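Counting from 1, position 198 in the sequence shown corresponds to residue 198 in full-length UniProt numbering; the numbering is continuous, with no gaps. Report on the structure given below.
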Amino acid sequence: MPERPTTYEFDRGIAVTAHPDGGYAAELDPGWVVGGGVNGGYLLAVIGNAVRERLAASGHVDPFSVSAHYLSASVPGPATVETEVVRAGGRFSTVAATLVQHVDGVRVPRISTLATYGDLDAAHDATTDAAAAALHLALPVPELPPLEECLLSSDAPPEFKVVAPLLDRFGTRLDPATAMWAVGKPSRNGVIQGWFELADHRPLDPIALLMVVDALPPVTFDLGMPGWAPTLELTAHVRAKPAPGWAVVRHCTRTVAGGLFEEDCDVWDSTGTLVAQSRQLALQPRT
């Protein structure tokens with residue numbers, strides 16, 4: 001498999017180096033910090049890239065389902081992704097992967113994942129895609145205002161970006177109707193949505209989608225609950241390779257209870273194709 005390009009910031013940030021024991025060394029970039037730790041979607045992409053490298057020889061290089069449990073907050077600096085191939089099959093392979101860091105010489109697990117990979121190109125053919133289309137179950141793309149009428153997330157006040165430098169990694173343009181929390185007027189509908197691209201225009205791919213599903217602000221902001229919302233568990237499903245251009249991302253929640261909330265994410269590419277979905281369980285921000 002050809003070496004991954006490092007022209008773009010995201011590729012440099014998720015780069016891994018193989019160890020003979022099946023582990024992969026990574027350097028977690030401080031530019032992806034938000035709140036009390038490194039962004040969970042970025043970390044999932046680091047792990048996803050290591051799994052991709054581990055399975056390269058099999059041709060199973062695309063994530064289909066990645067389920068992650070966040071055990072402790074990661075910090076910028078060296079990390080290792082430990083991998084074990086649990087199953088190597090014809091259509092799919094499954095890898096158990098754990099991202100760890102060493103603190104004062106002690107191994108500290110940060111994220112434990114189970115990832116199923118395959119070939120997204122082979123998964124789509126004319127017969128199965130036609131049968132799916134005939135069901136008329138496609139999830140419609142939200143209607144968003146034009147790009148120029150949306151709010152650029154990286155224009156957030158400097159005091160906010162001190163605790164969320166990852167905003168400079170994105171060119172996200174938020175739908176104003178779901179971003180009034182920024183001026184103290186949340187809609188309380190539990191929805192945040194907008195146009196998405198990376199700040200340096202790096203095209204999205206299946207590994208990047210693992211980051212995109214956790215790229216928008218926590219949906220609790222729209223409920224009038226600002227603050228860091230640590231993820232306990234996140235499962236991402238990649239449905240197709242995204243076409244170039246602006247993606248549309250929507251986060252929503254239906255339940256806040258017991259100090260926790262669920263957040264569902266849907267991602268459509270520039271052609272209106274649903275390319276990724278996720279659900280996560282996270283801690284309700286303290287107010």
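Even glycine gets a Cβ: it sits at the ideal position worked out from N, Cα and C. Being a predicted model, the structure only gives us computed values, none of them experimental.
Report all residues from its chain with a CB closer than 6 Å to the CB of W32; omit the five preceding and five following residues, and keep chain order.
Result list for W32: V38, N39, Y42 and L166, in chain order.
Considering just the uninterrupted stretch of the beta strand (DSSP E) at E84, what are its terminal residues?
DSSP places E84 inside the beta strand (DSSP E), whose first and last residues are G77 to A88.
Rounded straight-line distance, which links the Cα of I47 to that of R4:
Here the model assigns R4 a pLDDT of 49, short of 50, so the residue's position is not dependable, and the following value carries that caveat. CA-CA distance, R4 to I47, rounds to 15 Å.
A26, DSSP secondary structure in three states:
In this structure, A26 counts as strand in the three-state DSSP scheme.
What is the rounded straight-line gap between the Cα of A257 and the Cα of C265?
Answer to the nearest angstrom: the Cα atoms are 19 Å apart.
Please return the same chain residues whose Cβ sits closer than 6 Å to the Cβ of S270, not counting the five positions on each side in sequence.
Excluding positions up to five away in sequence, the list reads A243, G245 and W246.
Close beta carbons around Q280, own chain, < 6 Å, minus the five adjacent residues each side
Taken in chain order, the residues that qualify are T231, L234 and E263.
Output the residue ranges of the beta strand (DSSP E) runs that lie fully inside the UniProt domain "Acyl-CoA thioesterase-like C-terminal" (149-283) and measure 3 residues or longer, sorted by chain position.
Every unbroken stretch of the beta strand (DSSP E) spanning 3 or more residues and falling wholly within the UniProt domain "Acyl-CoA thioesterase-like C-terminal" (149-283) is given here in chain order: 191-196, 231-238, 247-252, 260-268 and 274-283.
Are F196 and V212 touching if we call contact CB-CB under 8 Å?
In contact: F196 and V212 (Cβ atoms closer than 8 Å).
From L151 to L260, what distance separates their C-alpha atoms?
Looking at the backbone, the Cα of L151 and that of L260 are separated by about 28 Å.
Could you check whether the region 178-188 touches the region 200-210, counting it as contact only if at least three pairs of C-beta atoms, one from each stretch, sit closer than 8 Å?
Three or more beta-carbon pairs separated by less than 8 Å are not found between the region 178-188 and the region 200-210, which leaves the two stretches without contact.
Is it right to say P63 is buried, meaning 16 or more other beta carbons lie within 10 angstroms of its own, or is it exposed?
Here P63 is buried, its C-beta having at least 16 other C-beta atoms within 10 Å.
Give me whichever residues DSSP pairs with I14 in a beta bridge.
Partner residues in a beta bridge of I14, as assigned by DSSP, do not exist.
Supposed close pair T172, G194 - CB separation, criterion 8 Å
6 Å between Cβ atoms; contact.
Residues bridged to R286 (per DSSP):
Answer is none; R286 lacks a bridge partner.
Just how far apart, CA to CA, sit A88 and H19?
A88 and H19 have their C-alpha atoms spaced approximately 20 Å apart.
Distance, Cα to Cα, T98 vs V81?
C-alpha separation (whole angstroms): 6 Å.
Output the residue ranges of the alpha helix (DSSP H) runs that lie fully inside the region 37-77 and measure 4 residues or longer, sorted by chain position.
Runs of the alpha helix (DSSP H) inside the region 37-77: 40-54.
Beta-carbon gap between M225 and P140 smaller than 8 Å
Their beta carbons are not under 8 Å apart, which means M225 does not touch P140 by this criterion.
For A138, the three-state DSSP class (helix, strand or coil):
Secondary structure at A138: coil, using DSSP grouped into helix, strand and coil.
Simplified DSSP assignment, three categories, for T113
DSSP places T113 in strand when its eight states are reduced to three.
So the beta strand (DSSP E) L99 belongs to, where does it begin and stop?
It spans S93 to V103 - the beta strand (DSSP E) in which L99 sits, taken as one unbroken run.
Starting from L120, trace the alpha helix (DSSP H) in both directions and tell me its first and last residue.
That run of the alpha helix (DSSP H) goes L120 to A123.
Proximity below 8 Å, CB of V66 to CB of A236:
Going by C-beta atoms, V66 is nearer than 8 Å to A236.
Alpha carbons only, please: which of T116, V75 and D121 is nearest the one belonging to P109?
For the set T116, V75 and D121, the Cα lying nearest the Cα of P109 is the one of V75.
So, using beta-carbon positions, are A79 and V100 closer together than 8 Å?
Yes.
Which residue from A134, G13, D175 and T255 puts its Cα closest to that of D29?
Of the residues A134, G13, D175 and T255, the one whose Cα lies closest to the Cα of D29 is G13.
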